[in-house]
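Enquirer: Numbering (my numbering), first residue to last: 62 to 394.
Provided herewith is a single structure, encoded as structure tokens, for subsequent inquiry.
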Amino acid sequence: MAPINCSLQDSLVEISIASLLILEFALGLMGNAIALWTFISHLKVWKPYAVYLLNLVIADLLLSVCLPFQISFYLMHKKWELGPAACRILIFLVSLSRTSGIAFLTAVAMDRYLRVVHPRFKINSFSTQAAKIISVFVWLLVVGLAHPVLVAPKIEKNTTECPSFSPMEDLTFSNTWQEAVICFQFLLPFSLILFCNIRIIKRLQQRLLDQDKQPKLQRSMALVTIVVVFFGICFLPSFLARILMAIFQRSESCWILQVMVHTCDITNCFTYLNSVLNPIVYCFSNPVFRYSYRKVFSTLRGRQKESQPQCSDRKDSCYTVESNGFHVKRTWV
């Protein structure tokens, strides 16, 4: 707990966080809505990684729905007015969306790794139906990890706080479990994705003389490298801030506690940035997503429609464009 007469609030920091959240909400909602529209309307060739990406879009859209409540929380100077039940539900949904998003990003990286480094493994012959079953299992696992928040000890009815939004919490079972889940959802996926990226790079170096396989290997390496970079940008600062908070939480210095709380608040907002950056992953996975984003941005800027995207893989579908929109034509390069 903070020392007496030590205020842990700062209006400038709270307004800055709210502004960042507003930007993340707008960009994340737009980017993932376009991706969902592309999945539903224009993607005709489905592979396991596409199923994982679709679930990633759903997780990011769920997070976007939660952000307006956090924006309101910071605009009201960290006062929660919707009651303890709404607080627990919101914490659960944020944890659910963030953890599932990380899980499906990891699944995409693992899929690329297995197909590039171990192309003869039987797991590579999994159908999209098997990928759907795996996705259901992932959602059930994530719900199991996040559900203790819903059964946490009741918050006082007259409180104006939503505990999980503030790092200054008592060491209850619910809070300890939540911190453990946050550490687990960073360390394990980051380690797996980093391992996949290193192995793909090594395989690429081994096949430098095989020009036919270079484009596919380079795209896979770029995709997994992007995921690694996104993890570092979005989750590493928050992970380190929570470690420092655990170390200095019992400090008697008001200044140290203020710095730790503000650092945790700011870095926690970086974790939501992942939903804004994920559309870049979609663009690297299939050219139709690049066309969809260009089409929307060109429409917003009043430009004429872009030319058709090129096929980037023998198993990816090509698309031609007519004056009335998408006309799908499957060809093989």
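We treat Cβ as the ideally placed atom computed from N, Cα and C, and that holds for glycine.
Are the CB atoms of N335 and R149 nearer to each other than 9 angstroms?
Expert: no
Enquirer: Fully enclosed by the region 269 to 341, which alpha helix (DSSP H) runs are 4 residues long or longer?
Expert: 275 to 295, 297 to 309, 315 to 333
Enquirer: Assign T167 to buried or exposed, taking buried as 16 or more other Cβ atoms, counted over all protein chains shown, within 10 Å of its Cβ.
Expert: buried
Enquirer: Exposed or buried, what is F247 when buried is set at 16 or more other beta-carbons lying within 10 Å of its beta-carbon?
Expert: buried
Enquirer: Is the beta carbon of C127 less than 9 angstroms from the beta carbon of L318?
Expert: no
Enquirer: Is DSSP giving Q70 helix, strand or coil here?
Expert: In the structure shown, Q70 sits in coil (DSSP, three-state: anything other than H, G, I, E or B).
Enquirer: Identify, in the order they occur along the chain, each residue of the same chain with its Cβ nearer than 6 angstroms to the Cβ of A302, setting aside the five sequence neighbours on each side.
Expert: T324, C325, T328
Enquirer: Use the C-beta contact count for R362: other C-beta atoms within 10 angstroms, 16 or more gives buried, fewer gives exposed.
Expert: exposed
Enquirer: For L82 and Q131, which I take to be in contact (beta-carbon distance under 8 angstroms), what is that distance rounded to the nearest angstrom?
Expert: 6 angstroms
Enquirer: Please report the straight-line C-alpha distance between S72 and L249, rounded to a whole angstrom.
Expert: 36 angstroms
Enquirer: What does the Cβ neighbour count give for M321, buried or exposed, with the cut at 16 atoms within 10 Å?
Expert: M321 is classed as buried because its beta carbon has at least 16 other beta carbons within 10 Å across all chains shown.
Enquirer: For L123, which residues of its own chain have a beta-carbon under 6 angstroms away from its beta-carbon, when the five flanking residues on both sides are left out?
Expert: Taken in chain order, the residues that qualify are S158.
Enquirer: Kindly indicate which residue of S359, A307, L338 has the alpha-carbon position closest to the one of G162.
Expert: L338
Enquirer: Look up P180 in the DSSP assignment and say whether it is helix, strand or coil.
Expert: Coil at P180, not helix or strand.
Enquirer: The alpha helix (DSSP H) that contains K356, what's its start and end?
Expert: 348 to 361
Enquirer: Check for me: the alpha helix (DSSP H) holding C127 runs from which residue to which?
Expert: It spans 109 to 136 - the alpha helix (DSSP H) in which C127 sits, taken as one unbroken run.
Enquirer: Between which two residues does the alpha helix (DSSP H) holding F198 run?
Expert: 189 to 207
Enquirer: Using 8 angstroms as the cut-off, can you tell me whether the region 96 to 105 makes contact with the region 338 to 357, which would need three or more C-beta pairs spanning the two stretches below that distance?
Expert: yes
Enquirer: Counting contacts by CB-CB distance shorter than 9 angstroms, is S196 in contact with chain D?
Expert: Among the chains in the structure shown there is no chain D, since it carries only a single protein chain.
Enquirer: Apply the 10 Å Cβ neighbour rule to K108 and answer buried if 16 or more other Cβ atoms are within range, or exposed otherwise.
Expert: Looking at its Cβ environment, which holds 16 or more other Cβ atoms inside 10 Å, K108 is buried.
Enquirer: Look at the alpha carbon of A164 and the alpha carbon of R181, and state the distance between them as a whole number of angstroms.
Expert: 24 angstroms
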